[in-house]
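As given, the protein sequences belong to chains F and C, one line each in that order. Going by numbering that gives the first Met the number 0, the first sequence opens with residue 0, and the numbers climb by one from there. Going by numbering that gives the first Met the number 0, the second sequence opens with residue 0, and the numbers climb by one from there.
There are 2 protein chains.
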Amino acid sequence: MKRVSGGFFPPIALERGRELPIYRQLYDWFQRAIASGQLKPGQRVPSTRALAEELNVSRIPVLNAFEQLHAEGYLQTFVGAGTCVARSIPQETIAPLPTKLTGKAAGRIARPVRRAAKRKISDANLSAKIVGPQPWLNLKGAFRMHLPALEQFPVEVWSRLVARHARKLSKQTMAYGEPMGYAPFREAIAQYIGAVRAVRCEASQIMVVAGSQQGLQRSARVLVNPGDAVWTEEPGYFGARRAFASVGAELIPVPVDEEGLMVEEGIRRCPKARAVYITPSHQYPLGTTMSATRRMQLLNWASRSGAWIIEDDYDSEYRFGVRPIGSLQGLDSDARVIYVGTFSKVMFPALRMGYLVVPADLTPAFSAARDADDIFSPTLYQAALTEFISEGHFARHVRRMKILYMGRCRALVEEIRRELGDTLEIVSAEAGMHVTGLLPAGVNDAAVSQRAMEDGISAMPLSFCYLKRPARNGLVLGYGTSDGAQIRDGVRKLKASLEAVMGRRTDRARR
Amino acid sequence: MKRVSGGFFPPIALERGRELPIYRQLYDWFQRAIASGQLKPGQRVPSTRALAEELNVSRIPVLNAFEQLHAEGYLQTFVGAGTCVARSIPQETIAPLPTKLTGKAAGRIARPVRRAAKRKISDANLSAKIVGPQPWLNLKGAFRMHLPALEQFPVEVWSRLVARHARKLSKQTMAYGEPMGYAPFREAIAQYIGAVRAVRCEASQIMVVAGSQQGLQRSARVLVNPGDAVWTEEPGYFGARRAFASVGAELIPVPVDEEGLMVEEGIRRCPKARAVYITPSHQYPLGTTMSATRRMQLLNWASRSGAWIIEDDYDSEYRFGVRPIGSLQGLDSDARVIYVGTFSKVMFPALRMGYLVVPADLTPAFSAARDADDIFSPTLYQAALTEFISEGHFARHVRRMKILYMGRCRALVEEIRRELGDTLEIVSAEAGMHVTGLLPAGVNDAAVSQRAMEDGISAMPLSFCYLKRPARNGLVLGYGTSDGAQIRDGVRKLKASLEAVMGRRTDRARR
């Protein structure tokens with residue numbers, strides 16, 4: 000039988016008093032020595048007795064290590080030839096393991112020079128890059144966006160419900176759940192949005208999702224092919240662009256005016272778009288409400304052209320002044336609208352709970368897509384939230400927050416009017432958790448935001464909500480997390496930032 | 000000023016004593032009458048006083064309804080002309096709303112005949128259909144797959160931790176979290192899989208996901224383009240096929256033998272595959288372990304061809320007999336392996352918790368993809384699970400379950416040997432939560448499963464784990480949820496089903 004001469008057998012470094020047992024250190028050493036080609040296929044290895052003596056350890060760990068190395072096919076034993084490295088191990092060796100991770104022994108392994116092939120990832124990732132990083136989202140301090148008044152959330156009530164449901168976990172609530180969601184939860188949602196948002200649907204059309212972003216992403220994946228055109232509001236919500244870009248959609252920015260999306264302009268730019276993303280109740284970021292005329296123009300176009308309408312109703316619970324504006328979905332008679340709702344603003348983001356209202360004929364497609372993705376949402380939260388709603392805590396919390404935000408909204412508007420009256424022109428302030436103000440032409444909003452950031456103030460530049468240039472300059476100010484004092488202090492700092500930037504500007508102008 | 004003659008003003012049906020207030024009923028009626036074209040743009044509407052008298056209601060609700068209809072742009076008031084339907088409303092009307100949802104009034108609206116355009120959805124949905132529905136997954140009773148022994152889970156301990164974390168919700172744990180996951184949780188996972196699975200990684204490479212399915216789906220989306228070829232084990236796991244098919248990948252089935260995936264055959268069939276999906280520790284469904292030789296062949300090929308390896312380590316915590324087999328990831332020196340782990344089998348599925356170990360250079364891409372999808376996983380569960388692990392409950396539970404499953408595995412194997420010895424040939428039974436047995440050639444496993452289903456027994460047909468024909472006939476039996484009595488009873492019923500089907504077969508043979 001052919002023998003492969005092993006030459007000098009490489010030294011084995013054991014680290015005593017290490018938590019890793021001796022047998023495991025031996026196993027690892029052999030595995031890596033073989034993987035890295037330091038030990039060649041067919042090369043003879045010492046007997047367990049010899050090795051135990053050489054290493055001055057009991058024979059037991061050596062036997063254990065060899066047992067496993069045999070079991071896994073690293074070693075073979077031939078009668079007469081003793082134990083060798085398995086002949087079937089490929090001769091070609093992969094690059095050695097990084098020293099850092101493999102301890103002393105590996106350090107002695109010679110590194111082959113071959114370079115690995117280029118590391119390709121999918122194009123979807125690249126297309127997602129259309130929407131760059133969003134530094135403004137991580138801003139702290141007054142006026143930060145997208146966060147509700149977390150300190151106002153009834154944690155006691157909520158934790159009591161969560162605890163109760165956690166204690167009574169049953170096989171049924173621990174096993175796999177429905178892709179569309181927990182049935183009682185879907186019922187509760189259908190009733191809630193039917194009453195409050197004039198959404199017309201059966202519970203069977205509700206799909207529970209992990210926040211509105213997953214709802215947007217899922218809608219994009221189910222409805223849009225790579226290369227399909229999708230209208231997005233200009234200015235608009237970056238999260239939606241990200242979702243549609245990530246499936247390779249071509250984003251068509253359609254301008255927004257005080258009546259909302261300019262439907263005729265959209266038709267002029269791209270009549271055959273496959274879908275449109277829209278925030279009709281409270282346009283993100285301008286805060287305007289879509290007029291009845293535009294709503295019907297949009298529904299007519301979608302019905303004619305077979306396009307889908309993704310309606311994002313992200314913060315419509317909070318409307319001040321006139322009565323709530325009904326959803327676009329409620330006006331839709333051709334089942335063209337996919338309605339996206341979220342609990343991130345009315346409960347809290349880390350809950351990861353939202354919902355879709357899907358046209359009845361599309362529910363199989365949405366359900367299948369969910370099944371291939373994350374299958375379903377955690378059951379306990381769905382059950383706890385169902386009770387939170389049915390016991391009336393939800394409605395109560397929404398009412399309280401509505402009053403709170405209305406007060407904060409008015410306070411912010413007042414401060415802005417008094418302090419920045421002539422520099423920051425408020426677009427609309429009748430709903431939601433943020434106010435948008437326009438800056439005089441030529442004032443660089445990013446510069447103002449930058450300056451405000453240095454003072455610990457978050458002021459999202461309006462220009463960053465535009466996909467294409469030229470963008471209008473303005474500031475988007477959230478008041479969800481800012482009380483009266485923070486609002487007053489924040490506006491003062493904002494004023495300083497504005498004067499600093501505009502001062503520089505006029506200086507330049509003088510030169 | 001031009002007047003549009005309204006002709007006879009359509010009757011308004013109010014339903015008294017309905018929970019919907021009068022003003023809302025009026026608002027809805029007008030909105031829908033205008034949307035459906037029953038009221039024409041420019042058409043005059045009665046004064047609020049006249050309407051109140053006609054309907055015999057107080058004038059307040061009428062004023063409220065009109066106020067909102069004005070606010071939303073359905074009505075306009077012209078000096079001298081009184082109140083009319085807004086002229087800007089498009090003449091073309093969309094189809095009327097379904098009667099059911101709109102009450103009496105809508106019933107009288109004439110339906111235009113125009114049909115809506117064809118309803119197109121994305122091709123990804125169609126490609127996902129490659130993997131059809133899985134009736135076997137919903138099977139109840141003994142031997143059902145994919146479920147752990149839920150009744151053994153330490154609910155008290157777990158609910159105590161969940162309750163504690165729910166009570167101490169802070170702004171930080173309620174706000175938006177990191178796409179990669181909750182830092183302490185990632186640390187805990189990295190330590191755990193480093194020690195138990197010989198996975199070599201930093202916590203920074205861990206991405207928390209909602210179960211292994213989301214891990215597979217995310218890997219597919221980040222790494223694979225539509226049309227790219229992906230090796231999948233034959234027979235193999237339908238969930239992985241679903242994930243890769245849903246991004247439009249071309250699935251290349253590569254046969255599995257007792258040493259695991261036949262790498263050379265894969266290279267013969269498709270050397271340029273972009274990725275391979277593999278279950279090296281405990282092949283799904285055959286239960287075999289990939290040999291050292293095959294592991295290195297696979298790593299060599301991936302390194303040479305620049306392919307990605309998605310290693311699914313779904314139930315490797317449970318290994319009976321020999322010591323745990325290390326992960327493939329731990330052998331990989333070219334950062335080609337994406338390691339997928341899940342808590343669905345060791346905790347419970349409704350938790351929706353799993354993790355990926357991502358090569359360091361790919362973490363930005365995975366993080367960005369997560370950001371565009373569902374952003375991050377619920378924080379509370381991550382925090383509670385971190386403590387469950389650090390307090391040692393997790394390791395204790397795994398140990399207990401390992402002993403339990405080992406017992407159930409042996410009991411099942413024994414019963415099969417005694418009752419079905421010559422008909423069902425067990426492939427491997429040294430790990431996990433299921434055992435696979437082969438049937439004699441020509442015995443239709445789907446027929447046996449069907450028959451067993453009627454007896455309330457779940458026996459997944461092996462043939463359904465094949466992408467291409469011919470498939471081997473066999474039965475995949477889960478023992479996660481079945482105790483000794485259920486196992487004995489189940490095997491007896493299985494025997495009856497087998498005899499029934501094979502009886503029919505021999506009958507046919509005789510004719």
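All C-beta atoms, glycine included, are put in the ideal place defined by N, C-alpha and C. Being a predicted model, the structure only gives us computed values, none of them experimental.
query: Any contact of the segment 484-492 of chain C with the segment 460-467 of chain C, i.e. 3+ C-beta pairs under 8 angstroms?
result: no
task: Would you please verify whether the beta carbon of residue 319 of chain F is less than 8 angstroms from any beta carbon of chain C?
output: Along the first sequence, one-based indexing puts residue 319 of chain F at 320. So no, residue 319 of chain F is outside the interface.
- prompt: Is the shortest distance between the beta-carbon of residue 563 of chain C and the beta-carbons of chain F less than 8 angstroms?
  reply: Since the first residue shown for chain C is 0 and the last is 510, residue 563 of chain C is missing from the structure and cannot be characterised.
query: How many angstroms separate the CA atom of residue 458 of chain C from the CA atom of residue 296 of chain C?
result: Counting from 1 along the second sequence, the entry for residue 458 of chain C is found at position 459. Counting from 1 along the second sequence, the entry for residue 296 of chain C is found at position 297. Rounded to whole angstroms, residue 458 of chain C to residue 296 of chain C spans 34 angstroms at the Cα level.
- prompt: Does DSSP put residue 103 of chain C in a helix, a strand or coil?
  reply: Residue numbering aside, residue 103 of chain C sits at position 104 when the second sequence is read from its first letter. Only weak support exists for where residue 103 of chain C lies, its pLDDT of 39 falling under 50; the value from the coordinates is given anyway. Helix, per DSSP.
field: Length of the line joining the Cα atoms of residue 433 of chain C and residue 285 of chain C
entry: Numbered from its first residue, the second sequence carries residue 433 of chain C at position 434. Numbered from its first residue, the second sequence carries residue 285 of chain C at position 286. In a straight line, the C-alpha of residue 433 of chain C is about 9 angstroms away from that of residue 285 of chain C.
task: Have a look at residue 8 of chain F and residue 29 of chain F and give me their C-alpha separation to the nearest angstrom.
output: Here residue 8 of chain F refers to the residue found at position 9 of the first sequence. Here residue 29 of chain F refers to the residue found at position 30 of the first sequence. Taking the straight line joining both Cα atoms gives about 12 angstroms.
task: Classify residue 402 of chain F as buried or exposed, calling it buried when 16 or more other Cβ atoms lie within 10 Å of its own Cβ.
output: Working through the first sequence from its first residue, we reach residue 402 of chain F at position 403. Exposed: under 16 other Cβ atoms inside 10 Å.
query: With residue 355 of chain F and residue 206 of chain F assumed to form a contact (beta carbons below 8 angstroms), what rounded beta-carbon distance in angstroms separates them?
result: The residue labelled residue 355 of chain F in the question sits at position 356 within the first sequence. The residue labelled residue 206 of chain F in the question sits at position 207 within the first sequence. Going by Cβ atoms, the distance from residue 355 of chain F to residue 206 of chain F rounds to 4 angstroms, so yes, they are a contact pair.
Inter-residue CB distance, residue 246 of chain C and residue 220 of chain C (contact presumed, cutoff 8 angstroms): What you label residue 246 of chain C is simply residue 247 of the second sequence in a count that begins at 1. What you label residue 220 of chain C is simply residue 221 of the second sequence in a count that begins at 1. 5 angstroms between Cβ atoms; contact.
message: Please identify, using Cβ separations under 8 angstroms, the residues of the segment 377-408 of chain F that lie next to chain C, in order along the chain.
response: 377, 378, 379, 380
query: From the beta carbon of residue 237 of chain C, is the nearest beta carbon of chain F less than 8 angstroms away?
result: What you label residue 237 of chain C is simply residue 238 of the second sequence in a count that begins at 1. Chain F, which has no Cβ nearer than 8 angstroms to the Cβ of residue 237 of chain C, makes this no.
Per-residue contacts from residue 152 of chain C into chain F (C-beta, under 9 angstroms): Here residue 152 of chain C refers to the residue found at position 153 of the second sequence. When 9 angstroms is used as the limit between beta carbons, residue 152 of chain C is near these residues of chain F: 168, 173, in chain order.
task: Mind checking the segment 184-207 of chain C against chain F and listing, in chain order, the residues whose C-beta falls within less than 7 angstroms of any C-beta there?
output: 199
field: Paired residues, beta bridge with residue 338 of chain C - DSSP
entry: Position 339 of the second sequence, counting from 1, holds the residue named residue 338 of chain C. For residue 338 of chain C, which the question treats as bridged, DSSP gives the partners C:310, C:356.
query: Leaving out the 5 sequence neighbours to the left and right, which residues in its chain are closer than 6 angstroms to residue 11 of chain C when beta-carbon positions are compared?
result: Sequence index remark: in the second sequence, residue 11 of chain C carries index 12 (1-based). If we look at residue 11 of chain C and ignore the five residues flanking it on each side, its Cβ neighbours are 28.
Beta-bridge pairing of residue 76 of chain F - partner residues as DSSP gives them: As a working mapping, residue 76 of chain F is identified with position 77 in the first sequence. F:82.
- request: Scan the segment 276-308 of chain F for residues whose Cβ lies nearer than 7 angstroms to a Cβ of chain C and list them as they occur along the chain.
  value: 290, 291, 292, 295, 296, 298, 299, 302, 303, 304, 305
field: Per-residue burial, residue 511 of chain F [other beta carbons within 10 Å of its own, 16 or more giving buried]
entry: It is not possible to answer for residue 511 of chain F, since the shown part of chain F is limited to 0 through 510.
- prompt: Would you say residue 58 of chain C reaches chain F, if we count a Cβ-Cβ gap shorter than 8 angstroms as a contact?
  reply: The count along the second sequence starts at 1 and reaches residue 58 of chain C at position 59. Output row for residue 58 of chain C: interface = no.
- request: Output the distance between the C-alpha atoms of residue 159 of chain C and residue 427 of chain F, rounded to the nearest integer angstrom.
  value: Here residue 159 of chain C refers to the residue found at position 160 when the second sequence is read from its first residue. Here residue 427 of chain F refers to the residue found at position 428 when the first sequence is read from its first residue. Using only the alpha carbons, I get a separation of about 47 angstroms.
message: With H, G and I counted as helix, E and B as strand and the rest as coil, what does DSSP make of residue 121 of chain C?
response: The residue given as residue 121 of chain C occupies position 122 in the second sequence. Residue 121 of chain C: coil per DSSP, three-state reduction.
- request: Could you confirm whether any beta carbon from chain F is found closer than 8 angstroms to the beta carbon of residue 249 of chain C?
  value: Residue 249 of chain C sits at position 250 when you count from the first residue of the second sequence. Not one chain F Cβ lies under 8 angstroms of residue 249 of chain C.
message: Does the CB of residue 511 of chain F have a neighbour CB from chain C at under 8 angstroms?
response: For residue 511 of chain F there is no data in the structure shown, the boundaries of chain F being 0 and 510.
task: Work out the CA separation of residue 331 of chain C and residue 291 of chain C for me, nearest whole Å.
output: Position 292 of the second sequence, counted from the first residue, corresponds to residue 291 of chain C. Position 332 of the second sequence, counted from the first residue, corresponds to residue 331 of chain C. Distance between the alpha carbons of residue 291 of chain C and residue 331 of chain C: 12 angstroms.
field: Rounded Cβ spacing between residue 259 of chain C and residue 279 of chain C (contact assumed at less than 8 angstroms)
entry: Here residue 259 of chain C corresponds to residue number 260 of the second sequence, with the count starting at 1. Here residue 279 of chain C corresponds to residue number 280 of the second sequence, with the count starting at 1. Right, the Cβ-Cβ distance comes to about 6 angstroms (below 8 angstroms), so this counts as a contact.
task: Report the rounded CA-to-CA distance for residue 450 of chain C versus residue 227 of chain C, giving the unit in angstroms.
output: As a position in the second sequence, residue 450 of chain C is number 451, starting the count at 1. As a position in the second sequence, residue 227 of chain C is number 228, starting the count at 1. Whole-angstrom Cα-Cα distance: 39 angstroms.
query: With a CB to CB cut of under 6 angstroms and the five nearest residues on each side skipped, what residues in its chain are close to residue 329 of chain F?
result: Along the first sequence, one-based indexing puts residue 329 of chain F at 330. Around residue 329 of chain F: 197, 198, 199.
message: Counting only Cβ-Cβ distances shorter than 7 angstroms, please list the residues of the segment 33-63 of chain C near chain F, keeping chain order.
response: Residues passing the 7 angstroms Cβ filter: 34.
field: Interface positions of the segment 322-350 of chain C facing chain F (Cβ-Cβ less than 7 angstroms), listed along the chain
entry: 322, 324, 330, 332, 333, 347, 348, 349, 350
message: With the cut-off set at 8 angstroms, would you say residue 242 of chain C and residue 216 of chain C are in Cβ contact?
response: Your numbering for residue 242 of chain C matches position 243 in the second sequence. Your numbering for residue 216 of chain C matches position 217 in the second sequence. Taking 8 angstroms as the Cβ cut-off, residue 242 of chain C and residue 216 of chain C qualify as a contacting pair.
task: Label residue 342 of chain C either buried or exposed according to how many other C-beta atoms from any shown protein chain fall within 10 Å of its C-beta, with 16 as the threshold for buried.
output: For this step, residue 342 of chain C is matched to residue 343 along the second sequence. Buried, because 16 or more other Cβ atoms sit within 10 Å of the Cβ of residue 342 of chain C.
For residue 435 of chain C, the first and last residue of its enclosing beta strand (DSSP E): Position 436 of the second sequence holds residue 435 of chain C. Segment 433-437, the beta strand (DSSP E) holding residue 435 of chain C.
query: Within the chosen definition, does the segment 299-314 of chain C reach the segment 35-49 of chain F through at least 3 CB pairs nearer than 8 angstroms?
result: no
query: How big is the Cα-Cα spacing for residue 21 of chain F and residue 386 of chain C?
result: As a first step, residue 21 of chain F is located in the first sequence; it is residue number 22 there, counting from the start. As a first step, residue 386 of chain C is located in the second sequence; it is residue number 387 there, counting from the start. Answer to the nearest angstrom: the Cα atoms are 30 angstroms apart.
- prompt: Hey, is the segment 361-374 of chain F in contact with the segment 153-167 of chain F, meaning 3+ C-beta pairs nearer than 8 angstroms?
  reply: Note that the segment 361-374 of chain F does not touch the segment 153-167 of chain F; fewer than 3 beta-carbon pairs, one per stretch, sit closer than 8 angstroms.
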